[in-house]
Every structure is written in C-alpha cells, then in structure tokens.
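Worksheet: the structure to be examined is printed underneath.
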Amino acid sequence: MHFQLSEPITNPPPLLIKQHFDSHRPQKLSSLSFEAPNSTKLTTYTHLSLFDRPINSSTYALILESCRTLNLGKQLHAHTLKSGFGGHEFMETKLLQMYGRFGCLEDAELLFDKMSLRNLYSWTAMLSLYVDHGLFEEAFLFFQELQIEDVSVEFFVFPLALKVSSGLGIEELGRQLHGTVIKNQFVSNLYVGNALIDMYGKCGNLDDAKKVFGKMPEKDCVSWNSFLTACAANGMVYEALDFLERMSLMENSKPNLVSWSAVIGGFSQNGYDEEAIELLLRMQAEGIEPNERTIASVLPACARLQKLRLGKEFHGYVTRHGMMSNFYIVNGLIDIYRRSADIKTAFKLFSKFSAKNAVSCNTIVVGYCENGYTSEARELFDRMELLGIRKDIISWNSMISGYVDNFQFDEAMSMFKDLLMEDGIKPNSFTLGSALTACADTVSLRLGKELHSQAIVRGLQYNTFVGGALVEMYCRCQDIMAAQKAFNEVTHLLQKMCEDGFEPNIYTWNGILAGHVQNGLHETAMHLFSEMQASNMWPDIYTVGIILSACSRLASIDRGKQIHAHSIRCSYDADVHIGAALVDMYAKCGSIRHALLAYERIPNPNLISHNAMLTAYAMHGHAEDGIALFRKMLENGFTPDQVTFLSVLSSCVHIGLVETAREFFNLMQYYDIKPTIKHYTCMIDLLSRTGQLSEAYELIKNAPMKSDSVLWSAFLGGCVTHHNMELGEIAAERLIELEPDNTGNYITLANLYAFDGRWADLARTRLKMKDRGMHKNPGCSWIEDRDDVHVFLAHDKSHKRTEDIYATLDNLTLHMKS
DNA sequence: TTAGGGTTAG
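Residues in the first sequence are numbered consecutively from 9, following the numbering used here.
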C-alpha cells in the first residue's frame, strides 16, 4: 500500500481530500504513521501535501478532522504556525478539537491559554473537551469563567453546560440553567430541549423530563430517544419499550440503533437480563446490527446470567467485527468469563489486552479473590501503578472485600488504613461495608464503633449497605447469647435508625439475618425471615444464601425446599454459590438425591459446586460415587483444592480404601497443596481402622504440625479395635494430656487395660478419675418435635410415655434380631 | 463548530 498523494493536494476541491482520507484505507494510514512516525514516506507525504503548497483554512480544517494520529496532528499544528495561521480563531478551535480527540488535555489547555483571541467557539470547544473526558468539576469551573468573560452565550453552549450538571449529579444547577434558557428564549430550540430532557433524566427526575418533552414545539428522533433513555435508565423499562414501539409507527422518527440500544441498556442496567438479550435478538431480526455500545450494554447481562456459551458467541462476534480494541467490550467479556468461573480465559483475555484500564484490572482482582488467590490479586493491585493505571475506589474496595471474603481480616483492615492515607480517594459505602464486615467477623466492637463514627462523619450511616453491615456488626459483637435479647437489640437499633429516617431494606435484613446465622441463632433467623417476608420484602440472592445455610444447620428440609422453589423462580439456582448451598443444604438435611438434583441443575459447575457434591457424597457414605466424581473432575482439567481432597479422603475412610487414599494423599503434593491436620487425620483414621497402626504412628510422628485430640482419638480408636496395647497406651496418654477433663479418654484407656488383663493399671486409671472428681457422663440424645424437645439418657425412665417407648424399642430389637 | 445509547466492587 503506497500513498498516492504526490499529486497537488490543493488542486482538488476540499471535499475530495476528505474522501481521500476517509475512503483511502484510513486504518492503513494511521497504522503506518503510528508504527513509523518518522518514516520517510510520511515525511514525504506531509512535505508533498502540506509544505510545498499553500493551503487555506477550510482545507486545514478538513485535514485536521480526518487526522488519525496525534503525531500527524502535532505536525499539522506546527505547520499552521509556520503558515501564519497562529492566532486564527477558527484554526485554533480545530486544533483544540484535534487535541481533544487524542485525549491530550494538557496540549489543549496550553494552546487555549496562549490564544490571543478567543471566541465563543473556542470556549465551547474547550468546554466540550472537559465534558467528553468526564472532567465535570473542571468543566464547571471553566463554564463559570466563560460566564465571567463577556462572551455572549449562544444556545449551543447550553447542552454542554447541562451535561456538566448531570455529570456532577447536581440537579439544582440544571434547573438554574433551565431558567437561563427560558430567559434567553432558547427554550423552543430543539437541541436545548433535547439536552434538558437528558439532564432531567440523568438526575432521575422523570417528571420534569416528561414536562419538557411534552412542551416541545417540534420533536425529532433525538428528542424521542432522550426521553426513552430517561425512562429506561430510571427503571421504567416497559414504558421505554412502549415508546420504541410507538416510534416505529411514526413517519419521521423511526427507532434507530440508538433507540434500541437505550432500551436494551435500560433492561440490562435494571437487572432484566434475559429480556435485554432477547431484545438484542429482536433488534437484529428487525435488520439493525448492534454496534460496540449495544454489545457492551448486554455483556453484563450475559455475565450475570453466567451464560458462558452465549458469551463465547459474543466473543466471536466482536472479534469478527474488529471490536476487540474497545475496552468496554473486552472488559465485559473478561467479566463474563470471570462470573462463569472460567478464570483462566478471563486472565488470558486480560493479559493479551493492550488497552487495559482500571476496570479491566478490578475485574481480574475480583476474579482472583473469588478463587482464593488474594496474593495474586494484591500483586496486580500493586502493579497497576507501574502499568500507568490509576487505582480507583473500586480497585481498593475489590481488594478489601476480597481479603474479607478470604478471612484475611488483618490485611483488609490494614488496606483500609492505607486507603485513608491515600490522596484524592475517599472511602464510600462499599468500603465501610466491607470494613464493618471484617469487624463483625473478628468481633472487634471497638473498631466497629470507630467505623460507625466514620460512617456518620461521611453521612453514610443510613446508606442501605452500611446500615445493614452496622446491624450485622453489632449483632455479632454484642455477645448475644439469648436469641430474644439479640432480636430486641436489633429491632431497637432498627427502630432508632428508622426514627432517624433510615428505612430497613433488603441489605439491612440480610445484615440482620447473617448476624443471627453466624451466631448460631438459626431458629431466630428463620423467624426473622418470616417477618421479613411478611413486610413484603422480596428475598434477594444473598438472603437465599443465608437462609439456606440456616436450613442446613436446622436440618429443616421443608423450609429448605421452599427457599429452593423461590430461588428457581428467581433463577438464583443457576448461580454457583446458591447451587453449592443447595447441595449442602439437601445433604445436611439427609437427602442425597435432592443434593444430586440441585448439583445437576448448576449450568457451569465450578470447584465450589464440585466440592459441595463431593462433601455430600462423603457425608452420606456414598464413597464410590464421590471417588468417581473426583476422577471425572481431574479428567476435565479441574484443579482440586484442600476441600476437594478432604472430601475424597473421607470417602476413602468410609470404605477402607487405603491404597486409593495413599494415591490421593500423594497427589496433593503434585497440585502443590499442603495437607492440613484434617487431611492427616483422615489418613491416620484410615490406617488405624485397617490395622496398619505402626504406619499410622509413623505418619503422626512425621506430620509437620502438632497433633490434636481429634487425630489422637482416631488413632486410639484403631488401637482399641485391633487390641494394640502399646500404641494405644501412648495415644490415650497423649489424649489425656491434651484434654485432661474429657472423661471418655480415661474410659477408653481403662477399657484397653481390661482387654489386656492389666487390672492394676485399670484400677489406677479409675482412681485418677475419682481423684479429679470425674464420673462417666451418661449418653444423652434428644428429638425435636415441633416446639418440644424430648431428652433421653441411658436407662432413663422419666418420659411420660416411657412404657410406649420401651415397648417399641423391644419390638424393634426383635425385628433386627430376626 | 450545538443534542441521544456502553464496562468493574457488597
């Protein structure tokens, strides 16, 4: 590809030159000049086309507009100066716009400051530069300067100024501008009217948007689109859709790509994820192809639904259409893979992506933390600065909450303190919420109270999330033993908050419920849950997770099924966390069948899902199924973690598979997973049960951690079963050292002596118990029947239906014997 | 030389 621009560039009319730039492979032009800005070709080209010929201002303007690299732009700037266009207002405005397009704010500001003559157009160009870059504070100050300068303001400044108001989120500013617009009689101007609709819509004031829309003497497609967008963005999605359909019946305002995109975006932003995707397909069926913005607005919907296959289709589409340099698109894709638990692909996309920004990094930080890789997340977080990416509040919050979720509370709190030191970045409701959760989990009341005052200082105490986290923190810290007392305190706190204008919402409720469940107050949590539903509060995905955990602790399958039905209605059951909670709940409530059904309904099961099912199998003694699932996981390339191995090892214990267990235990090394004491306990339990006591003892001695009582009990159990006096005695003595008050240990030792006929030792052990004032606690069991608890001890005859009970017992014994 | 649609954190 050669530039055939050696012909005089000024000879053809300016329009032809523009065509040259636009149709003559503009990408090629930019890539060449980008790769080799000083190449002779480009220099020749600029020489031939610009240096050797006189050029008029409109030709300059056209070249500046179609200029695709900053380098060329700067050369053009130099050239205008040489050609005596310095101080030419029109030319300098064009240069400002050029710098704006390349994001060179400083160059633009420098030029603007040096300009000897400024007119309304140059002021407007500079203002729109600030607005386009989202620098609304700067834009606001600049606009005030503009008003002080004695420039007569034209109508076209108002749309920009209105954007500043909505950008700053200050409706009052927009209102004042609305007044000025009326005073200056610009109110019937189409552009100004459209901008007013947009401003009111963005400030969430649909009423006034509607008023302006209704009063407009003429409306165009943009007016309709602005109003439709206002509806869609404020949650009136079906109204927006209605407008779209009305537009299609109109002559001169047919719905276009922007109309469709606004509606689709509205559905997506308001959580109507399925509908947003459906609408995209409908739009395509109507013959309108999506652009980058349309795709970017449905990607989050696809991500939230964890539709990995659809996400891959989008990935293909945007690759084919050359959209992979757009960070809205690529970030959206990364988030799809992250949420669909395909963190590998997410990371691959991320590392290949050259236009990474803070959002890309934040998404990956979250992805890392979700998978337990907090140190990798932290590494990326720290590296952002080196990558030239400024950390924003979301980066900090993602890291802090990542630590909280991974129980690294000290790290979370130290990050919170670092954040307070940081310039130009302030903690928000997310930050305080996570920090409060850290306090709740570490039961740090003092710190929690400090955060409470921080929240008050920042006016965030009644923020929905902070309020909920405060309730949760107080719930967990105030040592609430009695459920009633806790409930009273919470309701009291709630009441006080309500009096101060705080309305309990789903976050508050979730905070209360989580506080109770984490304190083991499951029954109270269930009562509160009923109360919450009675107050017409709809449980969200977090509520479902909390209640499921309460159900599993209470082994309450009926209530578990109810909440399962609710999660199916809300499509929460496809979520990997809820899916795993359902599997866990059914397993703990005794139904392995339901657990399996719930597991099979998870569309893209991840490690958490598999682990839940493995644990369920192990819990129910379905060892073969568990081991089979584990092998299948490995075949499918899943990397197991500590939990996986623990489940599968305990499955091996159930059926006495020593060799398989050894294989798995060694496999842990391959995956670079350090066995914990629980893994060792499994191995020792298994070896002891199968009589391989000396090997078990060797393993205990070689274990890198201090042995605890659970481990010694497992070993002792084996010694008793296999009558190994020597090792049994060691185990029992260690156990008595570790738990001097546990009667069971003495009894076991005594029984061991009895087996061996060591009556003197037996007598000494019993004497030791007597000396310490210990006696054997009778075995105790109880049954819950509705609100009654029936307690039974061995040989107990105190129950009012003792006769019935013993008769039934005799009957059962007879049955079993026969 | 002026107006409308897009990503991430609990």
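By construction, the Cβ of each residue, glycine as well, lies at the ideal position given by its N, Cα and C atoms.
Query, Result
"Contact belief for Asn414 with Phe438 at Cβ below 8 Å, rounded distance in angstroms", "About 17 Å; that fails the 8 Å criterion."
"Whole-angstrom distance between Glu507 and Lys399, CA atom to CA atom", "38 Å"
"Other residues of its chain near Glu811: CB distance less than 6 Å, five sequence neighbours each side excluded", "none"
"Where Phe653 falls: helix, strand or coil (DSSP)", "helix"
"Leu701 to Glu671 span [Cα, whole Å]", "19 Å"
"Beta carbon of Ala354 nearer than 8 Å to that of Ile342", "yes"
"Minimum C-alpha distance to Ile610 - residue among Asn759, Ser348 and Asn710", "Ser348"
"Unbroken stretches of the alpha helix (DSSP H), 4 residues or longer, contained in the stretch 736 to 772", "751 to 764"
"Rounded straight-line distance, which links the Cα of Gly274 to that of Glu283", "10 Å"
"Nearest-angstrom Cβ-Cβ length linking Ala366 and Ser409, presumed shorter than 8 Å", "Not really, about 16 Å apart at Cβ, beyond 8 Å."
"Sheet register partners of Phe800 (DSSP bridge)", "Ser789"
"Cα-Cα separation, Arg301 to Glu100", "31 Å"
"Beta carbon of Val220 nearer than 8 Å to that of Val172", "no"
"Nearest neighbour of Gly175, chosen from Cys211, Lys778 and Cys310 [CA to CA]", "Cys211"
"N-terminal and C-terminal residue of the alpha helix (DSSP H) that His85 is part of", "Leu78 to Lys90"
"Phe673 and Val656 closer than 8 Å at C-beta", "no"
"DSSP state of Val161 mapped onto helix, strand, coil", "coil"
"Inter-residue spacing [alpha-carbon to alpha-carbon] between Gly243 and Leu214", "10 Å"
"Asn370, enclosing alpha helix (DSSP H) - first and last residue", "Ala366 to Glu378"
"Nonlocal neighbours in the same chain, by C-beta distance under 6 Å from Val230, ignoring five residues either side", "Asn202"
"Buried or exposed (CB count within 10 angstroms, at least 16 for buried), Val479", "buried"
"Proximity of Phe194 and Phe166 at Cβ, strictly below 8 Å", "yes"
"As assigned by DSSP and simplified to three states, the class of Gly243", "coil"
"Helix, strand or coil at Leu328 according to DSSP, with G and I counted as helix", "What sits at residue 328 in the sequence shown is Arg, not Leu. Of the three classes helix, strand and coil, the one that applies to Arg328 here is helix, per DSSP."
"Closest by C-alpha distance to Tyr515, when choosing among Asn127, Arg484 and Ile549", "Ile549"
"Asp779 (DSSP reduced to helix, strand or coil)", "helix"
"Own chain residues within Cβ distance below 7 Å of Ser717, not counting five before or after", "Leu743, Leu746 and Glu747"
"Val591, buried or exposed, once every other Cβ within 10 Å from all chains shown has been counted against 16", "buried"
"Cβ pair count under 8 Å reaching 3, the stretch 318 to 338 against the stretch 289 to 307", "yes"
"Ile681 vs Phe653 beta-carbon contact at 8 Å", "yes"
"Where the alpha helix (DSSP H) through Tyr688 begins and ends", "Ile685 to Arg697"
"CA-to-CA distance, Tyr199 to Ala311, given in whole angstroms", "36 Å"
"Coil, strand or helix - Ser66 by DSSP", "helix"
"C-alpha gap between Asn619 and Met534, whole angstroms", "27 Å"
"C-beta contact flag for Tyr607 and Ser599 at 8 Å", "no"
"Lys596 vs Ser560 beta-carbon contact at 8 Å", "yes"
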